[in-house]
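Enquirer: In my numbering, the protein residues as written are 100 to 264.
Written as structure tokens, this is what we have:
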């Protein structure tokens with residue numbers, strides 16, 4: 100297969116050349132098309148992005164995402180500031196990372212007077228759901244139900260919410 104790549108991100112420009120044989124095997128044989136069927140027509144029918152456009156897209160991604168350089172393509176500007184950049188690597192050695200110093204759990208100073216908790220589960224071939232109502236830190240109501248084994252966790256969760264309201 101004779102294939103060279105087109106790229107503007109590296110300062111050089113190569114032209115995409117794909118032999119007729121590679122296009123024949125990748126696009127025409129799987130579809131059962133005749134060898135005289137135009138490749139461009141098959142690409143439209145199959146929803147395949149043409150190779151030269153795909154190569155240009157990859158070149159833009161490398162230029163903007165990795166090289167952090169702006170790029171223009173057919174009247175569209177791609178600025179590297181507009182794209183999300185990856186987080187820098189962790190500068191603290193994992194052995195020195197103390198989770199207790201990094202996480203703080205703050206309790207709600209004004210907890211709600213009434214809270215409803217629901218749950219649905221499927222364990223060991225059995226499905227069930229439940230809910231309870233807590234008012235002023237005291238459980239005032241509880242409900243549980245056992246469902247058929249073929250019921251899903253989603254159905255159990257939904258039933259618990261339905262019964263709670």
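Ideal Cβ positions, reconstructed from N, Cα and C, are used throughout, including at glycine. Everything numeric in this text was worked out from a predicted model, so none of it was measured.
Short of 7 Å in beta carbon distance, which residues of its chain neighbour residue 265, apart from the five on each side in sequence? Order them along the chain.
Expert: This structure cannot speak to residue 265, because the chain is shown only from 100 to 264.
Enquirer: What residue from 255, 239, 215 and 202 has the CA that sits closest to residue 228's CA?
Expert: To locate residue 228, count along the chain shown from 1; it is residue 129. Answer by Cα proximity: 255.
Enquirer: From residue 188 to residue 180, what distance separates their C-alpha atoms?
Expert: Residue 188 sits at position 89 when you count from the first residue of the chain shown. Residue 180 sits at position 81 when you count from the first residue of the chain shown. Near 19 Å, if we compare the C-alpha coordinates of residue 180 and residue 188.
Enquirer: Given a cut-off of 9 Å on the beta-carbon distance, is the pair residue 237 and residue 215 in contact?
Expert: Here residue 237 refers to the residue found at position 138 of the chain shown. Here residue 215 refers to the residue found at position 116 of the chain shown. No, these two residues do not count as a Cβ contact at 9 Å.
Enquirer: Just to confirm my understanding: we take residue 168, look at its own chain, exclude 5 residues before and 5 after, and list those with CB closer than 7 Å. What are they?
Expert: As a first step, residue 168 is located in the chain shown; it is residue number 69 there, counting from the start. Cβ neighbours of residue 168 beyond the five flanking positions: 162 and 179.
Enquirer: Between which two residues does the alpha helix (DSSP H) holding residue 154 run?
Expert: In the chain shown, residue 154 corresponds to position 55, counting from 1. First-last of the alpha helix (DSSP H) with residue 154: 150–160.
Enquirer: Between 252, 240 and 165, which has its C-alpha nearest residue 223's C-alpha?
Expert: Translated into positions along the chain shown, residue 223 becomes position 124. That would be 252, whose Cα lies nearest to the Cα of residue 223.
Enquirer: What is the DSSP secondary structure of residue 183, reduced to helix, strand or coil?
Expert: As a first step, residue 183 must be located in the chain shown, where it is residue number 84. It is coil, neither helix nor strand.
Enquirer: Quick check on residue 173: does DSSP put it in helix, strand or coil?
Expert: Translated into positions along the chain shown, residue 173 becomes position 74. Residue 173 falls in the coil class under three-state DSSP.
Enquirer: Going by the beta-carbon positions, is the gap between residue 260 and residue 217 smaller than 9 Å?
Expert: For this step, residue 260 is matched to residue 161 along the chain shown. For this step, residue 217 is matched to residue 118 along the chain shown. Yes; because the gap between Cβ atoms is below 9 Å, this pair is in contact.
Enquirer: What is the residue span of the beta strand (DSSP E) that residue 214 lies within?
Expert: Stepping through the chain shown from its first residue, residue 214 is reached at position 115. Run containing residue 214: 213–222, per the beta strand (DSSP E) assignment.
Enquirer: Along the beta strand (DSSP E) that carries residue 233, what are the first and last residues, could you check?
Expert: Position 134 of the chain shown holds residue 233. 225–234 is the span of the beta strand (DSSP E), which, as asked, contains residue 233.
Enquirer: Taking buried to mean at least 16 other C-beta atoms within 10 Å of its own C-beta, is residue 196 buried or exposed?
Expert: By one-based count along the chain shown, residue 196 stands at place 97. By the neighbour-count rule (16 or more Cβ atoms within 10 Å), residue 196 is not buried but exposed.
Enquirer: Using the Cα positions of residue 144 and residue 126, report the straight-line distance between them to the nearest angstrom.
Expert: Within the chain shown, the letter at position 45 stands for residue 144. Within the chain shown, the letter at position 27 stands for residue 126. If I take the Cα positions, the gap works out to 10 Å.
Enquirer: So which of 225, 248 and 219 has the shortest CA-CA distance to residue 242?
Expert: Residue numbering aside, residue 242 sits at position 143 when the chain shown is read from its first letter. Nearest option by C-alpha distance: 219.
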